[in-house]
Amino acid sequence: MRKKYYNMVENMKGKIRVFCRIRPLNRAEATQGGAIVVEKMDEYSVNLETPRGQREFQFDKVFNAETTQEEIFQDTNRLIQSAIDGYNVCIFAYGQTGSGKTFTMVGDKEQKNPGIMPRAFNAIFDIIQENSTKFDFKVSVYMLELYNDRLQDLFASLAGEAQSHGQSRRVEIKRNRKGVVFAQGAETKEASSAQELYALFQQACANRHISATKMNVESSRSHLIVGIMVESRNLTNGSVSCGKLSLVDLAGSERAAKTGAKNHQLKEANSINKALSALGDVISALSSELPHVPYRNSKLTQIMQDSLGGNAKTLMIVNISPSECNIDETLTSLIYATRVKSITNNAQRNLESKEIAQLKEVIMKLRSGQTVEDEEI
Ligand code: ADP
Ligand code: MG
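Residues in the sequence shown are numbered consecutively from 1121, following my numbering.
See below:
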C-alpha cells in the first residue's frame, strides 16, 4: 500500500515512470543450465543476486516472465489517452541486446503476441472512434532510424528517394515554441485507420539496418523512433489540441566487447554506445539537477530532449534477462533505470483556443498568398 501511494504521488509530481520487465529464460540459457539471478519480489520490487550479495531495486511496476503483452499494455493505455488529450508522451524501451525491447515495443515476428506499438495504433483509433461525434481528428506519423549517428527517414527511402538522389533529404531535430521536438525534413504521412498506420510501420521497418551479432541474430543495431501526432478539434468550442506519442525501440545497451562485434560492426557498436552514453550523461545531469544538461551531444538526446526533463509524460521500460550470464549488464541497466526514475518532467497540454487556432489559420492563408477578409478574423 505504501509503495502504491508513493508511486501515485510521484506520478502527480511529474516523475518519469519506469517499468521493469524480466523476460523468460531463453532456450540457450535453459540448456546451459545457467542460474536465475533475478526475481520479482512484489509488484514494485525486483531482486538481483550478485556475487557480492542481494541488490533490491524499486520501480513503478515490475513484470516477470509470466506477464502477457496485454497486461503490459493495460498499464500504458492511460498514456495513449493523454496523447490524444494533447499531451506529449514518450514510451521507450532500454536494455541489452536480447533482453526483450523489440518484443515489448513491437512484438514477435508473426505478431501472435503484438507489443506496445501495434496495440497503441489500435487504441488511438478506438479512442478516436468513441469521440468522433465531439471531435475532428487528424493522425500523422514519421518514422526515423538513428544509425551510426545518422538520422534516416524511413519513409524517404521508401519512396526510392534515397537511391535517386544518392542520399535522402536531411532530417534535423528541432523544437517548437512549446519545446516539443519535431523532425524537420522527415516525411510525415497521414493515417486514417489502425490498419493504415500498421501498414506504414511495416513498410518503414523493411528499410531498417539489421545485422547479426553473437548475442542475438535478430538484433537490431539501430534506434527506431516512431512519432505519432494527433490533432483534435473540439466541434463545440473550436479549440484545437495537438498531442504527440513517441515510441522508441533503442539499440542494445551492452558494451561492445561482449557481443563479439568486429570491424564495421564495431564502428556501429561505438556509435550506438556514443548515443547511449550521451543519453546516460543527460540522465545523470538531470537526476543530479545540474544546471547544464548536455542534450546537444548526440542526435538521440536531441530527439529525446522533450521526454527527459522536458514537457512529456514519459515511460521507460527497462528490459532485463533473468540469467546469471547476463548479470553485469542487468545490474548496469537497473542502476541506469533507477537514475531515470528520479527525473521530473513538466507535462502540459498543447491546447489552443478557438481564437488562436483561427488567427493561425489566417496567418497561414496570408503566408501562402491568399487574401483574407477582415470579417474572417
Ligand atoms: P532486444 O530487442 O532487446 O534485442 P528481443 O525483443 O528481440 O530483444 O528479444 C530476444 C528474443 O527473446 C526474441 O526471440 C523474443 O521473441 C524473445 N522474448 C523477449 N521477451 C520475451 C517475453 N517476454 N516472452 C517471450 N519471448 C520473449
Ligand atoms: Mg531489438
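Every residue, glycine too, gets a C-beta built ideally from N, C-alpha and C.
Asked	Found
Give the range of the beta strand (DSSP E) segment to which residue 1267 is assigned.	1255-1267
Count the other CB atoms, across all protein chains shown, that sit within 10 Å of the CB of residue 1155; report buried if there are 16 or more and exposed otherwise.	exposed
Kindly provide the ranges of any beta strand (DSSP E) runs that are 3 or more residues long and lie completely inside the stretch 1130-1156, ordered along the chain.	1137-1142
Using a Cβ-based criterion (distance less than 7 Å to any ligand heavy atom), does residue 1144 qualify as near ligand 1?	yes
In three-state DSSP terms, what is residue 1303?	strand
Roughly how many angstroms separate the alpha carbons of residue 1300 and residue 1209, rounded to a whole number?	10 Å
Any idea which residues DSSP pairs residue 1361 with across the strands?	1352 and 1471
Which partner residues of residue 1208 appear in the DSSP bridge assignment?	1364 and 1432
Please state if the CB of residue 1177 and the CB of residue 1370 are separated by a distance shorter than 8 Å.	no
Between the C-alpha atoms of residue 1153 and residue 1144, what's the straight-line distance to the nearest angstrom?	14 Å
For residue 1487, which three-state DSSP category applies?	helix
For ligand 1, any of its heavy atoms closer than 7 Å to the Cβ of residue 1124?	no
Which ranges does the beta strand (DSSP E) cover as unbroken runs of at least 3 residues, wholly within the stretch 1178-1255, from first to last along the chain?	1181-1183 and 1208-1214
Within the present structure, is the beta-carbon of residue 1369 separated from the nearest heavy atom of ligand 2 by less than 7 Å?	yes
With residue 1272 as the anchor, note down where its alpha helix (DSSP H) starts and where it stops.	Looking at the DSSP string, residue 1272 is not in any alpha helix (DSSP H); the run it does join, the beta strand (DSSP E), is 1270-1273.
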